[in-house]
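Worksheet for the structure shown next.
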Amino acid sequence: MVQLARSELERTTSPSVTEEELAKRVGGNNAFALDFYHAIRGAEGNLFYSPYSISAALAMAYAGARGETEQQMAETLRYSLSQERLHPTFNALSLALTEGEQEQEEAETEKGYPFTLDVANAIWGQEEYPFLQEYLDVLAKDYDAGIHVLDFVQAPEQARQTINTWVSEKTNGKIKDLIPQGIIDEMTRLILTNAIYFRASWQHPFDEEQTQEGPFHLLDGEEISVPMMRQTTRFGYTEGEGYQAIELPYVGDRASMVIVVPEGGQFSAFEESLQAQDIEDIVEGMEIKNVALTMPKFSFDARFQLAQTLAEMGMPQAFSPGEANFSGIDGSRKLFIQEVLHKAFVSVDETGTEAAAATAVVVGITSAPLKPVELTLDRPFVFFIRDVETGTILFIGRVVNPVS
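At position 34 of the sequence shown (counting the first as 1) the number is 416 in my numbering, and the numbers step up by one without a gap.
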């Protein structure tokens with residue numbers, strides 16, 4: 383049994399947050415989602431991650447940031463509210479997301495499964511380390527989390543396994559071994575984790591008997607054969623200069639997947655120019671039309687170590703021993719972020735979508751027409767899973783090869 387160091391305060395279940403503040407948090411999250419996409423899009427192959435999970439995990443570290451470290455993190459992570467207002471707003475957003483899940487947990491399709499959206503936070507701290515009471519209070523009130531006491535110094539492997547087991551349990555077994563061997567060492571003092579698990583059936587499921595092999599064109603022009611799902615149904619649809627887009631609702635209309643497919647040969651240019659406002663405009667421009675949709679089944683996972691990426695995005699001081707200022711955590715200038723780990727999984731088939739992601743922040747000490755519109759996703763595309771009510775982008779990715 384892992385000991386828990388927790389504030390006596392309970393989670394604030396009705397945070398006093400204005401609609402404007404919540405909108406700023408959603409807008410900041412979505413802006414960071416695209417900032418991060420551009421920071422990593424140069425990597426080869428498919429991409430998938432949860433900007434919400436990364437932002438929420440780092441927010442728990444940000445609660446202890448001060449001075450220039452705080453300023454750099456705020457600018458990079460798009461935290462536009464003050465510390466006093468930001469954390470209650472994260473709490474309000476988390477409650478809004480999970481309350482929507484509770485309302486629809488019984489909703490099912492004939493072949494589907496209940497709508498599930500689970501979000502969890504946990505903090506893991508070195509035993510006998512002097513964490514400030516004020517910091518414990520923020521974690522309890524706004525992140526529903528205490529500090530699970532582990533011994534990183536004498537038992538790093540046991541601590542790693544404990545954290546990885548928690549992550550696996552919170553993501554229905556889809557995210558395993560988030561923290562690889564060698565990350566935790568005798569200098570580690572704090573690890574902040576966020577896990578998100580999503581599973582939902584399509585409101586309009588595909589008929590498995592209609593799935594057939596079809597061509598998919600890779601970025602280099604090569605054509606491969608992949609399982610293609612097919613259906614003709616009324617969907618939200620729009621098109622613009624150089625792209626087509628479709629919105630596929632999940633059962634209950636609580637969430638949706640928006641897919642944007644650029645014209646052949648234009649993927650790189652489209653991807654390079656894509657911004658959060660473009661996504662908002664695409665969603666707002668959707669009109670219900672009869673669409674003959676052909677799209678691939680796909681399933682893949684992705685793993686990232688983000689310290690260098692986030693430093694290059696504008697928050698280097700947080701990762702700099704001797705310069706980082708997380709004095710709001712322990713009252714000293716000893717702490718800095720050693721690494722930020724992220725792992726994500728997505729699977730899309732005829733029934734629906736299953737997706738999961740987890741983030742660990744490792745902190746150590748110094749030392750309708752007559753004819754249907756045709757949309758065939760036979761070339762690379764960008765997609766994101768969004769919470770319809772709040773507009774929060776929960777996951778974002780690209781598919782350049784459905785079978786890689």
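The beta carbon of each residue, even a glycine, is placed where N, CA and C say it ideally should be.
Quick one: grab the DSSP three-state call for T451. As a working note, residue 451 is residue 69 in the sequence shown. Looking at T451 - three-state DSSP - the assignment turns out to be helix.
Which residues DSSP lists as bridging N672, in chain order:
Here residue 672 refers to the residue found at position 290 of the sequence shown. Per DSSP, R616.
Given this structure, state the Cα-to-Cα distance separating V764 from F652, to the nearest angstrom.
Here residue 764 corresponds to residue number 382 of the sequence shown, with the count starting at 1. Here residue 652 corresponds to residue number 270 of the sequence shown, with the count starting at 1. V764 and F652 have their C-alpha atoms some 10 Å from each other.
Measuring CB atoms only, is the segment 573-589 touching the segment 547-558, in the sense that at least three cross pairs come out at less than 8 Å?
The segment 573-589, when compared against the segment 547-558, does touch it at the 8 Å Cβ threshold.
Does the segment 693-702 come within contact of the segment 498-518, defined as at least 3 CB pairs closer than 8 Å? Touching, no, given that fewer than three Cβ pairs across the two stretches are closer than 8 Å.
Can you find at least 3 beta carbon pairs, one from the segment 398-411 and one from the segment 766-777, that sit closer than 8 Å?
Yes, the segment 398-411 is in contact with the segment 766-777.
Can you tell me which of R616, E666, V722 and E621 puts its alpha carbon nearest to the alpha carbon of N672? Locating residue 672 in the sequence shown gives position 290, where the first residue counts as 1. Per the Cα distances, R616.
Inter-residue Cα distance where the pair is G647 and F472 = As a first step, residue 647 is located in the sequence shown; it is residue number 265 there, counting from the start. As a first step, residue 472 is located in the sequence shown; it is residue number 90 there, counting from the start. Each residue's alpha carbon lies about 40 Å from the other.
*Quick one: does E452 have its CB under 8 Å from some CB of chain E?*
Structure shown: chain E not included; a single protein chain is present.
Residues near T395 in its chain [Cβ-Cβ closer than 8 Å; skip 5 each side]
For this step, residue 395 is matched to residue 13 along the sequence shown. The residues are L477.
Compute the Euclidean distance between the alpha carbons of M611 and L479, then round it to the nearest angstrom. As a position in the sequence shown, residue 611 is number 229, starting the count at 1. As a position in the sequence shown, residue 479 is number 97, starting the count at 1. Straight-line Cα distance between these residues: approximately 29 Å.
Cβ shell of D635 (< 8 Å), same chain only, five flanking positions each side left out:
Translated into positions along the sequence shown, residue 635 becomes position 253. If you ignore the 5 residues before and after D635, its C-beta comes within less than 8 Å of the C-beta of Q585 and V770, all in its own chain and listed in chain order.
- Task: Determine the DSSP secondary structure at A737, reduced to helix, strand or coil.
- Result: As a working note, residue 737 is residue 355 in the sequence shown. Residue state, collapsed to three classes: strand.
C-alpha gap between P609 and R761, whole angstroms
On the sequence shown, residue 609 is found 227 positions in, with the first residue counted as 1. On the sequence shown, residue 761 is found 379 positions in, with the first residue counted as 1. Approximately 13 Å between the Cα atoms of the pair.
Checklist entry - Applying the criterion that 16 or more other CB atoms from any shown protein chain within 10 Å of the CB defines a buried residue, is E488 buried or exposed? => result Residue 488 sits at position 106 when you count from the first residue of the sequence shown. For E488, the pLDDT reaches just 47, beneath the cut-off of 50, and the residue's location in the model is therefore unreliable, although a value from the coordinates is still provided. In summary, E488 is exposed, with fewer than 16 beta-carbon neighbours lying within 10 Å of its beta-carbon over all protein chains present.
Worksheet item: Given that a residue counts as buried once 16 or more other Cβ atoms are within 10 Å of its Cβ, and exposed if not, what is K552?
Response: In the sequence shown, the residue the question calls residue 552 occupies position 170. In summary, K552 is buried, with 16 or more beta-carbon neighbours lying within 10 Å of its beta-carbon over all protein chains present.
Suppose contacts are defined by Cβ-Cβ distances below 8 Å. Is S437 in contact with N411 by that definition?
Within the sequence shown, residue 437 is the residue found at index 55, counting from 1. Within the sequence shown, residue 411 is the residue found at index 29, counting from 1. Cβ distance < 8 Å, so S437 and N411 count as in contact.
Exercise for review: Quick one: residues in its chain with C-beta nearer than 7 Å to the C-beta of V782, no 5 flanking neighbours on either side, listed in chain order?
Suggested key: Here residue 782 corresponds to residue number 400 of the sequence shown, with the count starting at 1. Excluding residues within five positions, the ones whose Cβ falls inside 7 Å are G427, N428, L600, L601 and P762.
Between the segment 460-470 and the segment 536-546, do three or more beta carbon pairs fall short of 8 Å? With the rule of 3 Cβ pairs closer than 8 Å, the segment 460-470 does not count as touching the segment 536-546.
For P644, name the three-state secondary structure that DSSP assigns. Counting from 1 along the sequence shown, the entry for residue 644 is found at position 262. If DSSP states are grouped into helix, strand and coil, P644 belongs with the strands.
**Prompt:** Is T623 helix, strand or coil when you go by DSSP?
**Reply:** Translated into the one-based positions of the sequence shown, residue 623 becomes position 241. Rather than Thr, the amino acid found at residue 623 in this sequence is Glu. It is coil, neither helix nor strand.
Exercise. Name the one or two DSSP bridge partners that Y632 has.
Key: Position 250 of the sequence shown holds residue 632. Looking at the DSSP assignment, Y632 forms a beta bridge with W584.
- Since S729 is in the beta strand (DSSP E), which residue starts that stretch and which ends it? Looking up residue 729 in the sequence shown gives position 347. S729: member of the beta strand (DSSP E) spanning L717 to V730, first to last residue.
Just verifying my parser: in three-state terms, what is the DSSP assignment at V782? The count along the sequence shown starts at 1 and reaches residue 782 at position 400. DSSP, read as helix, strand or coil, puts V782 in coil.
- Query: How should S638 be labelled, buried or exposed, when 16 other C-beta atoms within 10 angstroms of its C-beta is the threshold for buried?
  - Reply: If you number the sequence shown from 1, residue 638 lands on position 256. Answer is buried; the Cβ neighbour count reaches 16.
Practice prompt. Determine the direct distance from the alpha carbon of D417 to that of L656, and round the result to whole angstroms.
Written response: Locating residue 656 in the sequence shown gives position 274, where the first residue counts as 1. Locating residue 417 in the sequence shown gives position 35, where the first residue counts as 1. Using only the alpha carbons, I get a separation of about 10 Å.
- Query: Quick one, are the C-beta atoms of I505 and H530 less than 8 Å apart?
  - Reply: On the sequence shown, position 123 is the one that residue 505 refers to. On the sequence shown, position 148 is the one that residue 530 refers to. Yes; because the gap between Cβ atoms is below 8 Å, this pair is in contact.
TODO: Can you tell me which of E510, F766, A700 and V785 puts its alpha carbon nearest to the alpha carbon of E450?
DONE: Numbered from its first residue, the sequence shown carries residue 450 at position 68. When each option's Cα is compared against that of E450, the closest is A700.
Contact belief for D519 with S389 at Cβ below 8 Å, rounded distance in angstroms:
The residue labelled residue 519 in the question sits at position 137 within the sequence shown. The residue labelled residue 389 in the question sits at position 7 within the sequence shown. Right, their Cβ atoms sit about 5 Å apart.
Review point. If you draw a straight line from the alpha carbon of P751 to that of E645, how long is it in whole angstroms?
Key: Sequence index remark: in the sequence shown, residue 751 carries index 369 (1-based). Sequence index remark: in the sequence shown, residue 645 carries index 263 (1-based). Unreliable placement is indicated for P751, whose pLDDT of 49 sits below 50; the coordinate value is still reported in the next sentence. Separation of P751 and E645 (C-alpha to C-alpha, rounded to the nearest whole angstrom) is 22 Å.
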